[in-house]
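In my numbering, the protein residues as written are 467 to 565.
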């Protein structure tokens, strides 16, 4: 049986992790300005599919990537096309047409 202090410590650690996942999900829309970890966003070109999260990429694809990127779900690595497309849709007013 674990000590209540250790259980509380583990619970707080997990809550912090889940909060960070929520921040990442909420922030992945449009062109990112900074990563939820506080890292700078850089524009990179992928020579080959380097990470296992490269689901449909071709060589020479552009990405918005956190400079502290690790493939753990807490940092940005967003295809450039998706970010620009979402930003254009936002500027057009959501892409909804009336008429």
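From the three backbone atoms N, C-alpha and C, an ideal C-beta is built for every residue, glycine too.
For residue i, the residue or residues it bridges with in DSSP
i: residue 508; result: 531
i: residue 543; result: 531
i: residue 500; result: 506
Three-state secondary structure (DSSP) of residue i
i: residue 549; result: helix
i: residue 471; result: helix
i: residue 556; result: helix
i: residue 485; result: helix
i: residue 536; result: coil
Contact set for residue i: own chain, Cβ-Cβ below 8 angstroms, skip 5 residues either direction
i: residue 529; result: 509, 510, 511, 512, 543, 544, 545, 546
i: residue 484; result: none
Own chain partners of residue i with C-beta closer than 7 angstroms, once the 5 adjacent residues on each side are dropped
i: residue 533; result: 505, 506, 508
For residue j and residue i, believed in contact at Cβ under 8 angstroms, the rounded distance
i: residue 540; j: residue 503; result: 6 angstroms
i: residue 446; j: residue 549; result: No answer is possible for residue 446: the residues shown for the chain start at 467 and end at 565.
Same chain, Cβ closer than 6 angstroms to residue i, neighbours up to 5 away in sequence not counted
i: residue 482; result: none
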